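See structure below.
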Amino acid sequence: MMSRPHMQLSQLFHYPVKSCAGFPLTQASAQLMGLEGDRCWMVADSSGKFITGRQWPRMVLIRPNITPTGLRLEAPEMEPIEVSYRDYVQPQASTVWSYAFQAWGGSAEVDDWLSFFLGTECRLLYIGQQSQRLLRSDESKPLAFADGYQYLLIGEHSLADLNQRLPDAVPMLQFRPNLVVSGAEAFAEDEWKVLRIGSVVFDVVKPCERCIFTTVDPESGQMHPQKQPLVTLNQYRAFPAGTLFGQNLVARNSGLLMLGDEVEVLA
Numbered sequence: 010m011m012s013r014p015h016m017q018l019s020q021l022f023h024y025p026v027k028s029c030a031g032f033p034l035t036q037a038s039a040q041l042m043g044l045e046g047d048r049c050w051m052v053a054d055s056s057g058k059f060i061t062g063r064q065w066p067r068m069v070l071i072r073p074n075i076t077p078t079g080l081r082l083e084a085p086e087m088e089p090i091e092v093s094y095r096d097y098v099q100p101q102a103s104t105v106w107s108y109a110f111q112a113w114g115g116s117a118e119v120d121d122w123l124s125f126f127l128g129t130e131c132r133l134l135y136i137g138q139q140s141q142r143l144l145r146s147d148e149s150k151p152l153a154f155a156d157g158y159q160y161l162l163i164g165e166h167s168l169a170d171l172n173q174r175l176p177d178a179v180p181m182l183q184f185r186p187n188l189v190v191s192g193a194e195a196f197a198e199d200e201w202k203v204l205r206i207g208s209v210v211f212d213v214v215k216p217c218e219r220c221i222f223t224t225v226d227p228e229s230g231q232m233h234p235q236k237q238p239l240v241t242l243n244q245y246r247a248f249p250a251g252t253l254f255g256q257n258l259v260a261r262n263s264g265l266l267m268l269g270d271e272v273e274v275l276a
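Residues in the sequence shown are numbered from 10 upward in steps of one, following our numbering.
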């Protein structure tokens with residue numbers, strides 16, 4: 010076993026609604042489906058097909074705050090609106106990429122709010138208490154509305170390496186990780202196979218292929234006119250599998266994650 014006592018969990022993020030604003034956490038319950046509350050809601054078109062910040066970059070300006078009864082959505086020049094779990098009981102066919110599964114629709118008022126802000130007809134969907142979507146590579150693992158995997162990890166020094174090459178530095182939140190690790194060399198995570206963070210063991214299953222969404226500024230909701238940082242990433246992180254930055258993880262067990270937790274490379 011290779012131990013790296015100096016490696017720690019330095020940042021934790023969750024994204025209650027897919028493609029909308031993310032929030033830092035000091036601790037979180039890590040579950041097989043992902044961090045508790047992470048991407049359990051999704052904006053979709055009228056057919057239930059997901060829409061994201063790739064097409065509608067203003068989505069990152071929507072701030073979904075988790076409440077005891079659901080969500081509170083806030084956005085610039087909009088009155089906040091409450092979303093209640095109890096309203097989301099209408100079965101709704103939904104699709105993320107080519108994976109079709111059942112989710113739950115609800116409030117027409119919330120759908121109108123989102124449609125007005127984004128300028129396109131859309132609706133809010135809820136994954137439910139038990140996701141009907143399963144990880145394709147391991148059907149024992151449930152998956153919420155994330156693109157393909159439950160967790161995304163990035164090393165602090167990997168971002169620092171990228172920022173040294175950019176005309177203007179970008180924040181970690183622009184890459185939408187859940188787990189950020191300090192104390193590792195830049196792109197050390199490319200070589201990891203199995204990790205333990207706190208009491209939770211993760212398999213490192215696939216590098217994350219980056220897309221145009223990485224060019225959206227989380228503060229302005231606008232794409233970079235020169236498509237940075239993706240253009241720079243393409244110059245030195247392009248592989249046959251795509252432009253890679255960060256690693257997708259799958260949890261073997263549930264447990265509490267806290268900032269400062271030791272990160273051990275087990276394989």
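Virtual Cβ for every residue (Gly too), placed ideally from N, Cα, C.
These numbers come from a predicted model, not from an experiment.
| task | Look at the alpha carbon of Leu239 and the alpha carbon of Tyr94, and state the distance between them as a whole number of angstroms. | result | Approximately 37 Å between the Cα atoms of the pair.
| If we count the other Cβ atoms within 10 Å of its Cβ and call it buried at 16 or more, is Val98 buried or exposed? | By the 10 Å Cβ count, Val98 comes out exposed.
| query | Exposed or buried, which one is Asp96 when buried takes at least 16 other CB atoms within 10 Å? | reply | Within a 10 Å sphere around the beta-carbon of Asp96 sit 16 or more other beta-carbons, which makes this residue buried.
| task | Please specify which runs of the alpha helix (DSSP H), each continuous and at least 4 residues long, are wholly inside the stretch 227-266, giving them in chain order. | result | The alpha helix (DSSP H) runs lying completely inside the stretch 227-266 and spanning 4 residues or more are 239-245, given in chain order.
| request: Could you tell me if Trp122 is buried or exposed, where buried requires 16 or more neighbouring beta carbons within 10 angstroms of its beta carbon? | output: In the assembly as shown, Trp122 is a buried residue. Its beta-carbon has 16 or more other beta-carbons within 10 Å.
| message | Spatial neighbours of Glu58 within its chain, please: C-beta separation below 6 Å, excluding the five flanking residues on both sides. | response | Looking at the sequence provided, one finds Lys at residue 58 rather than Glu. Within its own chain, the residues whose Cβ lies closer than 6 Å to the Cβ of Lys58, once the five positions on either side in sequence are excluded, are Thr104, listed in chain order.
| field | Cutoff 7 Å; reference Ala53; Cβ partners in own chain excluding five residues on either side | value | Once the five neighbours on either side are set aside, the close Cβ partners of Ala53 are Phe59, Ile60, Ser103, Cys131, Arg132, Leu134.
| query | Buried or exposed: Tyr24, going by 16 or more other Cβ atoms within 10 Å of its Cβ? | reply | Tyr24 is classed as buried because its beta carbon has at least 16 other beta carbons within 10 Å across all chains shown.
| field | Residue nearest to Ser263 in terms of C-alpha spacing, selected from Asp199, Val225, His233, Ser208 | value | If we check each option's Cα against that of Ser263, Ser208 comes out closest.
| task | Pull up the CB-CB distance for Val190 and Leu258, whole angstroms please, since I reckon it's below 8 Å. | result | Not really, about 11 Å apart at Cβ, beyond 8 Å.
| Cβ-Cβ separation, Arg185 to Gly31 (assumed contact under 8 Å), whole Å | The beta carbons of Gly31 and Arg185 sit about 6 Å from each other, so the pair counts as a contact at 8 Å.
| task | For Ala53, name the three-state secondary structure that DSSP assigns. | result | Reduced to three states, the DSSP call for Ala53 is strand.
| task | Could you say which of Gly115, Glu194, Val225 lies nearest to Leu182 if we only look at CA atoms? | result | Measuring from the Cα of Leu182, the nearest candidate turns out to be Val225.
| Assigned exposure category for Leu266 - 16 Cβ within 10 Å defines buried | By the neighbour-count rule (16 or more Cβ atoms within 10 Å), Leu266 is buried.
| message | Using 8 Å for Cβ pairs, my map puts Ile71 next to Ala84. What's the rounded Cβ distance? | response | Their Cβ separation, rounded to whole angstroms, is 5 Å, which keeps Ile71 and Ala84 in contact under 8 Å.
| request: Go ahead and pull the three-state DSSP assignment for Met10. | output: Since pLDDT at Met10 reaches only 45, below the 50 mark, its modelled position is unreliable, and the value read off the structure follows with that caveat. In this structure, DSSP gives Met10 a state outside helix and strand, which the three-state scheme calls coil.
| message | With distance defined between alpha-carbon atoms, name the residue in Met51, Ala250, Asp212 nearest to Glu273. | response | The shortest C-alpha separation from Glu273 is found at Asp212.
| said: Cutting at 8 Å between CB atoms, please list the residues of its own chain near Gln237, excluding the five before and the five after it. | reply: Counting only Cβ-Cβ distances below 8 Å, and skipping sequence neighbours, we find Leu175, Pro176, Asp177, Val179, Thr224.
| message | For a test of the three-state rule: what should DSSP assign to Ala276, helix, strand or coil? | response | In the structure shown, Ala276 sits in coil (DSSP, three-state: anything other than H, G, I, E or B).
| Sequence-distant residues of the same chain with beta carbon closer than 7 Å to Ser124, five excluded per side | Cβ within range, chain order: Glu130, Cys131.
| query | Would Arg246 be called buried (16 or more neighbouring beta carbons within 10 Å of its own) or exposed? | reply | Counting C-beta atoms within 10 angstroms of its own C-beta, Arg246 has 16 or more neighbours from the protein chains shown and is therefore classed as buried.
| task | Using beta-carbon positions only, say whether Gly192 and Met16 come within less than 7 Å of one another. | result | Taking C-beta atoms as the reference points, Gly192 and Met16 count as a pair closer than 7 Å.
| task | Compute the Euclidean distance between the alpha carbons of Gly43 and Glu86, then round it to the nearest angstrom. | result | Cα to Cα, the separation comes out at about 32 Å.
| Of the listed residues Gly114, Pro234, Ala169, Trp201, nearest to Ala276 (C-alpha basis) | Checking every option, the nearest Cα to that of Ala276 belongs to Trp201.
| Quick one: is Glu198 buried, meaning 16 or more other Cβ sit within 10 Å of its Cβ, or exposed? | Counting of Cβ neighbours within 10 angstroms places Glu198 among the buried residues, the total reaching 16 or more.
| Cα-Cα separation, Glu271 to Leu253 | Going by the C-alpha atoms only, they are around 25 Å apart.
| said: Output needed for Val26: all residues of its chain with C-beta closer than 6 Å, excluding positions within five of it in sequence on either side, in chain order. | reply: Scanning its chain for C-beta atoms nearer than 6 Å, with the 5 sequence neighbours on each side dropped, one finds around Val26 the residues Trp50, Pro73, in chain order.
| field | Where Gln173 falls: helix, strand or coil (DSSP) | value | Note: Gln173 maps to helix in three-state DSSP.
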